[in-house]
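Here the structure comes first, spelled out in structure tokens, and everything after it is commentary.
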Amino acid sequence: MGTDSLSFDFDREIPRTGTSSVKHDGRAAYFGTADVLPLWVADMDFAAPEAVTRALAARAAHPVYGYTFYPDSLFDALITWLKKRHGWEVEREWILMAPGVVPSLHAVVMAFARPGEGVIAQPPVYFPFFSAATSTGRRLILNPLRLENGRYTIDFPRLEQCAADGARLLLLCSPHNPVGRVWNREELTEILRIARQYHLLVLSDDIHADLVYPGRQHTVLASLADDTDQLITAVAPSKTFNIPGLGLSSLVVPDPAHRAAIKQVFNTLHLGNSNPFSITAFEAAYREGESWLDSLLVYLRDNRDFVSAYLGQHLPAIRLIQPEGTYLLWLDCRDLGMSDRQLKDFFVHHARVGMNPGTVFGEGGSGFMRLNIGSPRRVIADALQRIANALDAR
Numbered sequence: 216m217g218t219d220s221l222s223f224d225f226d227r228e229i230p231r232t233g234t235s236s237v238k239h240d241g242r243a244a245y246f247g248t249a250d251v252l253p254l255w256v257a258d259m260d261f262a263a264p265e266a267v268t269r270a271l272a273a274r275a276a277h278p279v280y281g282y283t284f285y286p287d288s289l290f291d292a293l294i295t296w297l298k299k300r301h302g303w304e305v306e307r308e309w310i311l312m313a314p315g316v317v318p319s320l321h322a323v324v325m326a327f328a329r330p331g332e333g334v335i336a337q338p339p340v341y342f343p344f345f346s347a348a349t350s351t352g353r354r355l356i357l358n359p360l361r362l363e364n365g366r367y368t369i370d371f372p373r374l375e376q377c378a379a380d381g382a383r384l385l386l387l388c389s390p391h392n393p394v395g396r397v398w399n400r401e402e403l404t405e406i407l408r409i410a411r412q413y414h415l416l417v418l419s420d421d422i423h424a425d426l427v428y429p430g431r432q433h434t435v436l437a438s439l440a441d442d443t444d445q446l447i448t449a450v451a452p453s454k455t456f457n458i459p460g461l462g463l464s465s466l467v468v469p470d471p472a473h474r475a476a477i478k479q480v481f482n483t484l485h486l487g488n489s490n491p492f493s494i495t496a497f498e499a500a501y502r503e504g505e506s507w508l509d510s511l512l513v514y515l516r517d518n519r520d521f522v523s524a525y526l527g528q529h530l531p532a533i534r535l536i537q538p539e540g541t542y543l544l545w546l547d548c549r550d551l552g553m554s555d556r557q558l559k560d561f562f563v564h565h566a567r568v569g570m571n572p573g574t575v576f577g578e579g580g581s582g583f584m585r586l587n588i589g590s591p592r593r594v595i596a597d598a599l600q601r602i603a604n605a606l607d608a609r
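Using our numbering, read the sequence shown as starting at 216 and increasing by one per residue.
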């Protein structure tokens, strides 16, 4: 696998205002003011790997941008990446290309749960896990995560009750957004046991699989499965290499009947084509972005540790739920003694820091905020100083 020969300057601040960036240009619409540091939407403020930029520039130099199919080299790049980084051997025919993980969540729910049938989500969790069920007329069943001694775990007895309650699907976020858990083999094995016993299909959203901190190891649920398990895995280069705006992901679906059902949904919505730039970036990232990612993980780890140390020293009323993966930090702000409305007002209008309120992630999110640390450290330091100054001024 190729490497990027250039140095990686994650301290470089790249102006994004005026690029139609949701994270930056969407501040006023979301927060009611543009005068906040944007640390909310889950994309990073770092330049993508140079290999991606080079590949896109080369493709753009060809002046015809017609309908494009998925070349064999794209599938080869993904298969090689999954084997090398995760020890997961995937067959070419298992892979379905998709226009993103969120559309994939909806498509899988539509394909495998009839209207009124149950779909399990485990809040606090990325909010499309809810809408994938509710917006399609399926019954949302919640199995809230348990927070004990500063660490989240799955409530397995309740998960088993949810499965027994007629659920058809479990939507698993692995690693988990926003709480940062990287589920271990024992936890994943128990999920498989419950799924087998109750004939539950599991969609594992592994979009953050590559963003795991040193000392932790992501295990793909499907790598523990046997041929009888009903498993679908969503993977994408979008979070890993900071190219989410290009909108291309994959579903790994070993069962031919499952693949046919998902294809039927995609075909009904006419989602069969992609654009040439998404395809080019997808392949280049997986083929040549590895050294960039390795450097990124060190930088994100240092950002995480910087936030942890700062909170401990200067903002002890805000507790960090120590993340094992993702660049999204889950901040426990309950000791500030504010309602969720007051928290939002405090961070936006007093601290001038734009984060996602925990309430958007469902049950268990009250009193929490989600902080995106995918920015240069100076920006993160500025945000923390703003919060400290605003608290001092109360």
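A virtual CB, placed ideally from N, CA and C, is assigned to each residue, including glycine.
- Scanning 593, 528, 535 for the CA closest to the CA of residue 603 turns up 528.
- With fewer than 16 other Cβ atoms inside 10 Å of its own Cβ, residue 299 counts as exposed.
- Here residue 413 carries a coil assignment [DSSP, helix/strand/coil].
- Contact check between the region 244 to 254 and the region 562 to 575: three or more CB pairs, one atom from each, fall below 8 Å, which counts as touching.
- Taking all protein chains shown into account, residue 475 has fewer than 16 neighbouring C-beta atoms within 10 Å of its C-beta and is therefore exposed.
- Annotation for residue 498: the continuous alpha helix (DSSP H) segment containing it runs 491 to 503.
- According to the DSSP assignment, residue 325 belongs to no beta strand (DSSP E) but to the alpha helix (DSSP H) extending over 316 to 327.
- In the same chain as residue 548, and ignoring 5 residues on each side of it, the C-beta atoms closer than 7 Å to its own belong to 533, 558, 582, 583, 584, in chain order.
- Less than 9 Å separates the beta-carbon of residue 369 from that of residue 406.
- Residue range 371 to 379 is occupied by the alpha helix (DSSP H) that includes residue 377, with no beta strand (DSSP E) assigned at that position.
- Nearest C-alpha to residue 507 among 545, 455, 497: 455.
- Taking C-beta separations shorter than 7 Å and ignoring five residues to either side along the sequence, the partners of residue 404 in its chain run 439, following chain order.
- Cβ contact annotation for residue 375 (same chain, cutoff 7 Å, sequence separation greater than five): 409, in chain order.
- Classified as buried, residue 447 has 16 or more neighbouring CB atoms from the shown chains inside 10 Å of its CB.
- Uninterrupted beta strand (DSSP E) stretches at least 3 residues long and entirely within the region 240 to 326 occur at 310 to 313, given in chain order.
- The three-state reading of DSSP puts residue 604 in helix, counting H, G and I together.
- DSSP places residue 558 outside any beta strand (DSSP E); the residue lies instead in the alpha helix (DSSP H), whose first and last residues are 555 to 560.
- Its chain contains 303, 305 as the residues whose beta carbon lies nearer than 6 Å to that of residue 297, once the 5 sequence neighbours on both sides are disregarded; these appear in chain order.
- Residue 500 holds the alpha-carbon nearest to the alpha-carbon of residue 265 among 580, 500, 362.
- Residue 272 is classed as exposed because its beta carbon has fewer than 16 other beta carbons within 10 Å across all chains shown.
- Taking a C-beta distance under 9 Å as the contact criterion, residue 540 and residue 393 do not qualify as a contact pair.
- The beta carbon of residue 343 sits closer than 7 Å to those of 317, 320, all from its chain and outside the five residues before and after it, given in chain order.
- Judged by DSSP secondary structure, residue 457 falls outside any alpha helix (DSSP H); it is assigned neither H nor E.
- Looking from the CA of residue 419, the closest CA among 427, 430, 426, 434 belongs to 434.
- Here the alpha carbons of residue 359 and residue 442 stand approximately 29 Å from one another.
- Comparing alpha-carbon positions, the option among 489, 336, 588 lying closest to residue 577 turns out to be 336.
- Within a 10 Å sphere around the beta-carbon of residue 519 sit 16 or more other beta-carbons, which makes this residue buried.
- Looking at the DSSP output, residue 540 bridges to 427.
- Taking 9 Å as the cut-off, the beta carbon of residue 365 is found closer than this to the beta carbon of residue 537.
- Remark: C-beta atoms of residue 357 and residue 383 do not approach each other more closely than 9 Å.
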